[in-house]
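**Student:** Heads up: the sequence lines are chains A and B, in that order.
If you're matching positions, the first sequence starts at 1 in the UniProt record's numbering and goes up one per residue.
If you're matching positions, the second sequence starts at 1 in the UniProt record's numbering and goes up one per residue.
Just so you know, even glycine gets a beta-carbon here, dropped at the ideal spot from N, CA and C.
Before we start, here is the structure in question, set down as structure tokens.
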Amino acid sequence: MKEKIRLFLETDLLESYLLGNTTTEETLQVERYIAMYPEVRETYNELQSNLEAYAKMHAIKAPEGLKARILQKIKAQDAGRRKFRRFAIAASISAVMFAASAYFFYNQNLNLHQENAIVNTKIQNLEADMKQQLEDVRNQFIVLNNPQTRKVSIKGNKKAKDLKALAYINPVKKLSYINVQNLPQLPENQCYQMWAEVNGEMLNLGVIESADDKEKLRALPYAEDAVSYITIEPQGGNLTPTVQNIVANISY
Amino acid sequence: MSTLLEKHIVELLQERNDKAISLLYEHYGDTLYGVAHKVVRDEEMAQDVVQESFVKIWKKADSYDASKAKLFTWLFRITRNTAIDKLRSVNTKNDKEIQMDVSDVYNLGVHSIRPDLMDVRENLDKIESKYQIVLDALFFQGMTQQEASDELDIPLGTIKSRLKIGLRELKKLYGTSLALIIVVFSTF
């Protein structure tokens, strides 16, 4: 071990390291020796003291003004750096703000597009709905205003004595309507449902809401010798009419 | 140099307080100027070197590691390397006019020191020039003993013994100045 240290000290590597003349590899080696061996550390510290002492002997009174120049240079450097830093901060803040607003507007644009699509569909639906209703009203008018239209008064059988309805049937235009004016109150788990037997086929015309507008005309499918029924069915309607629960029928 | 002051300066440096530079200059300015002058042998160039070195010291403050080197060692390395770089850049500029060998960058010996600079160097005179030459080779030129032996045409053994005596003389000198400081301080 002693031999190893002696050999190391003989290489002058420590002296080169002292002056900062070693390569990265040599530096690592020297630092390892300094850390590991007290003798090397001691030699290094002594070299440092000697260097300082010897260098101090070479001190020359530096010219007046050199200190001021150095301090000025350093202040200028720092100001430059600070200015750059301030600029960098400002730049990053505006970059972040730009990114945020870009994202915000992109999002808003996306939302507006979606809203636009929704509104468009709504308008289309409304238009279709209005056309349908207009068509309906026109047909109703044709039926009601036509001298060939028969008006049939319908009364409920004994299961629904208070049921009153009017049917308008026009065989020429092949249109028919029904206006349910009064429906007796039903228990909550039951409802009235309309049916029509057209060409031997039973059609479900839907549940009649008791809250329905009394002026409302329901279209009936028209056919020669068609029969419509009103039945009492469980709440929500049935798939096929319950024959024993027929409360009214209209043949036209 | 008191380690307490060194510590204080290092702390200020790492806090990036420019007071550190003021203190560094007050305590090491003349020495570093002397070091720069020793390498470049020109007053104006030496001033530039010191100025550039201080800027480097300020910029590299974070890289100073007190566990690896004394503050002065670090300052010396920066100043000496700055001086060598300066000299090299000047030499490359002048290369076409004067062919200068890199090994001629340093003129060995102390004969070129101007008389008006000598007063602050009283102590230096107390070391015989034959020892100074070897010390210069070690501390300023960064030569290995073998290189010094080749360069100076002095046997390696003589280099070794002169270095040993030179260092002993040096220690004697800064030992006494240190003792003197202690005496001066204790009288107050």
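Name the DSSP bridge partner or partners of residue 175 of chain A?
**Tutor:** Walking along the first sequence from the start, residue 175 of chain A turns up at place 175. In DSSP, residue 175 of chain A forms a bridge with A/170.
**Student:** Please identify the residue among A/124, A/161, A/18 and A/242 whose C-alpha is closest to the C-alpha of residue 204 of chain A.
**Tutor:** One-based indexing of the first sequence puts residue 204 of chain A at position 204. Nearest of A/124, A/161, A/18 and A/242 to residue 204 of chain A, Cα basis: A/242.
**Student:** Are residue 87 of chain B and residue 40 of chain B closer than 7 Å when you measure CB to CB?
**Tutor:** Numbered from its first residue, the second sequence carries residue 87 of chain B at position 87. Numbered from its first residue, the second sequence carries residue 40 of chain B at position 40. Yes, the pair counts as a contact, with Cβ atoms nearer than the cut-off.
**Student:** For the 8 Å Cβ check, are there 3 or more pairs between the stretch 51 to 70 of chain A and the stretch 71 to 81 of chain B?
**Tutor:** As far as the Cβ criterion goes, the stretch 51 to 70 of chain A touches the stretch 71 to 81 of chain B, which means the pair count is three or higher.
**Student:** Going by beta-carbon coordinates alone, are residue 232 of chain A and residue 181 of chain A separated by less than 7 Å?
**Tutor:** For the purposes of this step, residue 232 of chain A is taken as residue 232 along the first sequence, with counting starting at 1. For the purposes of this step, residue 181 of chain A is taken as residue 181 along the first sequence, with counting starting at 1. No, the pair does not count as a contact, with Cβ atoms beyond the cut-off.
**Student:** Quick check: the stretch 80 to 87 of chain A against the stretch 35 to 54 of chain B, are at least 3 beta-carbon pairs closer than 8 Å?
**Tutor:** The answer is no - the stretch 80 to 87 of chain A does not touch the stretch 35 to 54 of chain B, with fewer than three Cβ pairs under 8 Å.
**Student:** Is there a Cβ of chain A sitting closer than 7 Å to that of residue 125 of chain B, yes or no?
**Tutor:** Numbered from 1 along the second sequence, position 125 holds the residue referred to as residue 125 of chain B. Residue 125 of chain B does not count as touching chain A.
**Student:** Which residue wins for smallest C-alpha separation from residue 49 of chain B, given the options B/150, B/82 and B/148?
**Tutor:** The residue labelled residue 49 of chain B in the question sits at position 49 within the second sequence. When only C-alpha atoms are compared, the closest one is B/82.
**Student:** So, helix, strand or coil for residue 162 of chain B, using DSSP?
**Tutor:** Residue numbering aside, residue 162 of chain B sits at position 162 when the second sequence is read from its first letter. Correct three-state label for residue 162 of chain B: helix.
**Student:** With distances taken Cα to Cα, identify the nearest neighbour of residue 30 of chain A among B/47, B/26, B/68 and B/38.
**Tutor:** Position 30 of the first sequence holds residue 30 of chain A. Among B/47, B/26, B/68 and B/38, the Cα nearest to that of residue 30 of chain A is on B/68.
**Student:** With a cut-off of 7 Å, does the C-beta of residue 10 of chain B fall near any C-beta of chain A?
**Tutor:** As a first step, residue 10 of chain B must be located in the second sequence, where it is residue number 10. Taking Cβ atoms only, chain A never reaches closer than 7 Å to residue 10 of chain B, which makes this a no.
**Student:** At 7 Å on the CB atoms, spell out the chain B contacts of residue 25 of chain A, in chain order.
**Tutor:** If you number the first sequence from 1, residue 25 of chain A lands on position 25. Within 7 Å Cβ-Cβ: nothing; residue 25 of chain A doesn't reach chain B, min ~16 Å.
**Student:** As a quick exercise: from B/72, B/164, B/172 and B/84, pick the residue whose alpha carbon is nearest that of residue 249 of chain B.
**Tutor:** Examination of residue 249 of chain B is not possible in this model, given that chain B is present from 1 through 188 alone.
**Student:** To which residues does DSSP link residue 198 of chain A through a beta bridge?
**Tutor:** Here residue 198 of chain A refers to the residue found at position 198 of the first sequence. Paired residues: A/201.
**Student:** For residue 220 of chain A and residue 149 of chain A, what's the separation of their Cα atoms in angstroms?
**Tutor:** The residue you call residue 220 of chain A lines up with position 220 of the first sequence. The residue you call residue 149 of chain A lines up with position 149 of the first sequence. Whole-angstrom Cα-Cα distance: 14 Å.
**Student:** Quick one: what's residue 6 of chain A bridged to in DSSP?
**Tutor:** Position 6 of the first sequence, counted from the first residue, corresponds to residue 6 of chain A. Answer is none; residue 6 of chain A lacks a bridge partner.
**Student:** Spell out the partners DSSP gives residue 251 of chain A in its beta bridges.
**Tutor:** Here residue 251 of chain A refers to the residue found at position 251 of the first sequence. A/227.
**Student:** Alpha carbon to alpha carbon, how far is residue 171 of chain A from residue 119 of chain A?
**Tutor:** Position 171 of the first sequence, counted from the start, is the residue given in the question as residue 171 of chain A. Position 119 of the first sequence, counted from the start, is the residue given in the question as residue 119 of chain A. Their Cα atoms are separated by approximately 42 Å.
**Student:** Which of the three DSSP states, helix, strand or coil, is assigned to residue 115 of chain B?
**Tutor:** The count along the second sequence starts at 1 and reaches residue 115 of chain B at position 115. At residue 115 of chain B the pLDDT is 46, less than 50, meaning the model places this residue with poor confidence and gives no usable figure here.
**Student:** Classify residue 143 of chain B as buried or exposed, calling it buried when 16 or more other Cβ atoms lie within 10 Å of its own Cβ.
**Tutor:** As a working mapping, residue 143 of chain B is identified with position 143 in the second sequence. Classification of residue 143 of chain B: buried, given that the 10 Å Cβ count is 16 or more.
**Student:** Under 7 Å between the Cβ atoms of residue 26 of chain A and residue 13 of chain A?
**Tutor:** Taking the first residue of the first sequence as 1, we reach residue 26 of chain A at position 26. Taking the first residue of the first sequence as 1, we reach residue 13 of chain A at position 13. The answer is yes: Cβ separation under 7 Å.
**Student:** Going along the chain, which residues of its own chain have a beta-carbon closer than 7 Å to the beta-carbon of residue 22 of chain A, five neighbours each way excluded?
**Tutor:** Within the first sequence, the letter at position 22 stands for residue 22 of chain A. These residues qualify, in order along the chain: 13, 16 and 30.
**Student:** Have a look at residue 148 of chain B and residue 124 of chain B and give me their C-alpha separation to the nearest angstrom.
**Tutor:** One-based indexing of the second sequence puts residue 148 of chain B at position 148. One-based indexing of the second sequence puts residue 124 of chain B at position 124. Computed Cα separation, rounded: 20 Å.
**Student:** Which runs of the alpha helix (DSSP H) spanning at least 4 residues fall entirely within the stretch 56 to 100 of chain A, listed in chain order?
**Tutor:** Qualifying alpha helix (DSSP H) stretches: none in this window.
**Student:** Rounded to whole angstroms, what is the Cα-Cα separation between residue 7 of chain A and residue 159 of chain B?
**Tutor:** Sequence index remark: in the first sequence, residue 7 of chain A carries index 7 (1-based). Sequence index remark: in the second sequence, residue 159 of chain B carries index 159 (1-based). Cα to Cα, residue 7 of chain A sits roughly 18 Å from residue 159 of chain B.
**Student:** 7 Å is my cut-off, CB to CB: does residue 48 of chain A come that close to chain B?
**Tutor:** Locating residue 48 of chain A in the first sequence gives position 48, where the first residue counts as 1. Closer than 7 Å: yes.
**Student:** Considering residue 34 of chain A, what are the terminal residues of the alpha helix (DSSP H) in which it resides?
**Tutor:** The sequence position of residue 34 of chain A within the first sequence is 34, counting from 1. 24 to 36 is the extent of the alpha helix (DSSP H) around residue 34 of chain A.
**Student:** What whole-angstrom Cβ distance do residue 138 of chain B and residue 170 of chain B have, given they're in contact under 8 Å?
**Tutor:** Mapped onto the second sequence, residue 138 of chain B falls at position 138. Mapped onto the second sequence, residue 170 of chain B falls at position 170. Not confirmed; about 11 Å, so no contact.
**Student:** With a threshold of 7 Å between beta carbons, is residue 135 of chain B in contact with chain A?
**Tutor:** Along the second sequence, one-based indexing puts residue 135 of chain B at 135. Cβ-Cβ to chain A under 7 Å: yes for residue 135 of chain B.
**Student:** Under 7 Å between C-beta atoms, does residue 38 of chain B make it to chain A?
**Tutor:** Position 38 of the second sequence, counting from 1, holds the residue named residue 38 of chain B. By this cut-off, residue 38 of chain B is an interface position.
**Student:** Thinking residue 222 of chain A and residue 175 of chain A are a contact (beta carbons under 8 Å), I'd like their distance in whole angstroms, please.
**Tutor:** Locating residue 222 of chain A in the first sequence gives position 222, counting from the first residue. Locating residue 175 of chain A in the first sequence gives position 175, counting from the first residue. Indeed, because the Cβ distance is near 6 Å, the residues count as touching under 8 Å.
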